[in-house]
Amino acid sequence: MAKNIKIIGIGSYLPEKVLTNADMEKMVDTTDEWITERTGIKERRIARKDQASSDLGLEAAKKALKNASLDPKELDLILVATITPDMFFPSTACTIQDKLGASNAAALDISAACSGFLYGLVLCDSLIRQGQYKNILLIASETLSKITDWEDRSSCVLLGDGAAALVITASDSEKEGILASSLGAIGSAGKLLYLPGGGSRNPATEETVKNRMHYLKMQGNELFKIAVKSLVDSAKDVMKKAKVKPEDIDLFIPHQANLRIINATATRIGIPSEKVFVNVNKYGNTSAATIPVALDEALQAGRIKKGDLILLDAFGGGLTWGAILLRW
Ligand code: ACO
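Numbering that gives the first Met the number 0 puts the first residue of the sequence shown at 0, with every later residue one more than the last.
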């Protein structure tokens, strides 16, 4: 059985269309100054009308497979973390399996909102180490613009679209892979961030459309407090499990929801700003995709080298949270 997992390929895809804060000023009652000060976001990417999450995920997956030099037929499993699937079923993972020609792979979506990528990475780790699968394609893909209420200034300025994918395989090395992980959920706080319409609770009717129930609803203020606490608690939990101190961490990649949340979390954990990866200014919150997109950009920027210790940390709708300590 494999001792560990190894990430052998990574790729990301961000839609070409850029929506700046100046553009947002023309859409809702807001200002570049307010958005920048409160969130750190300057612009976000928006998928085309004809692009669904599987289209974004497919582009990222192709890059990751090329990067890994792996034939799609060698994949045993495809996992897609998303809260904006193309449709309830077939899963977005099945759609991508077909488009890739990955005919030997099982396929399944993960619904854990912004923590979905970390939930997926923990699943990959245990499935591979148990010997169940050898090669897994883990994708995070979101088109939040499709469930955004473009009349609600308190949420629409925060969200964006994007995707990233990782090819993960079995490794016998004890020097790389996941050192510790921590996942959790606070179901009782689910109503702080949710999509009320379209499911079996409130199937689509004229009424649900009129009441704007097919858009994401968010209580930003309350979420902010829980976000910082859960990000700090889960980071401390994995550091304790792996007997690691904040100064041992080479790069901190937190979920990119809001610069103030990122800074407050890093300060409380004790990680200096030069070790914190930030790209929320360019893409806003792309839910499950923020961490793998950031990981890809950090690698391309030369901010990760062999043997580095990376702390991944997320929270999101559900509410869900998770942290992973990864040795590169
Ligand atoms: N432009 C101008 N004013 C605004 C805007 C805007 N875009 N949005 C809200 N305001 C106003 C409010 O109406 C309020 O006005 P009032 O005082 O007259 O009532 C004022 O600004 C302050 O509002 P707050 O909500 O208190 O502002 P806050 O400093 O908390 O910032 C924010 C709001 C940015 C939403 C923040 O709370 C936040 O980031 N929360 C976390 C949200 C989050 O991370 N959500 C994603 C979770 S992940 C996922 O799964 C998608």
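Glycine is no exception: its CB is placed at the ideal position from the N, C-alpha and C atoms.
Backbone CA spacing between residue i and residue j [nearest angstrom]
i    : j    : result
I34  : V156 : 7 Å
L154 : G130 : Reading the sequence as shown, one finds Ser at residue 154 and not Leu. So the alpha carbons of these two residues sit roughly 43 Å apart.
I146 : L215 : 6 Å
K5   : I45  : 32 Å
I167 : I177 : 12 Å
I270 : N201 : 44 Å
E32  : L13  : 25 Å
F223 : A163 : 25 Å
G115 : I252 : 15 Å
Y193 : G317 : 8 Å
L18  : D307 : 34 Å
S293 : R152 : This sequence places Ala at residue 293; Ser is not what is there. Rounded to the nearest angstrom, the two C-alpha atoms are 26 Å apart.
T38  : N262 : 11 Å
D312 : V27  : 31 Å
Y118 : F314 : 11 Å
L158 : M217 : 12 Å
R43  : S144 : 10 Å
G219 : H213 : 18 Å
L182 : T319 : 8 Å
A265 : V275 : 7 Å
L298 : T30  : 33 Å
A21  : E58  : 29 Å
Secondary structure of residue i, DSSP reduced to three states
i    : result
S140 : strand
V17  : strand
G186 : helix
S90  : coil
F276 : coil
V243 : coil
P253 : strand
Y193 : strand
W33  : helix
R259 : helix
T168 : strand
D108 : strand
M212 : coil
D160 : strand
I135 : strand
G283 : coil
G219 : helix
S180 : strand
R267 : helix
A234 : helix
P202 : coil
D70  : coil
A226 : helix
T207 : helix
M23  : helix
I303 : coil
T38  : helix
D28  : coil
K48  : coil
K98  : helix
Nearest to residue i (by Cα), restricted to the options the options
i    : options                : result
A287 : G39, N20, L55          : L55
D171 : K133, S181, C113       : K133
K208 : M217, G219, Q218, G196 : Rather than Lys, the amino acid found at residue 208 in this sequence is Val. The shortest Cα separation from V208 among M217, G219, Q218, G196 belongs to G196.
A139 : D28, A60, K235         : A60
T289 : T83, C113, T94, S52    : C113
L120 : L165, C93, D97, I82    : L165
G186 : N210, I225, S11        : I225
S110 : G183, T81, L230        : T81
E221 : I260, I127, Q50, T83   : I260
D249 : L137, I303, N210       : I303
M238 : V277, F276, I268, G159 : I268
E150 : N210, E15, T285        : N210
C93  : L230, L136, S11, E273  : L136
N278 : H254, G301, T266       : H254
K281 : S229, E15, I7          : E15
Beta strand (DSSP E) segment containing residue i, residue limits
i    : result
E42  : 42 to 45
K5   : 3 to 12
L308 : 308 to 315
A322 : 319 to 326
A80  : 76 to 80
Residue i: first and last residue of the uninterrupted alpha helix (DSSP H) it sits in
i    : result
D124 : 115 to 128
D148 : Counting along the chain, D148 falls outside any alpha helix (DSSP H), and DSSP gives it neither H nor E.
A293 : 289 to 299
N66  : 52 to 67
Residue i: CB within 6 Å of a non-hydrogen atom of the ligand MG
i    : result
G321 : The ligand MG is absent from the structure shown, which contains only the ligand ACO.
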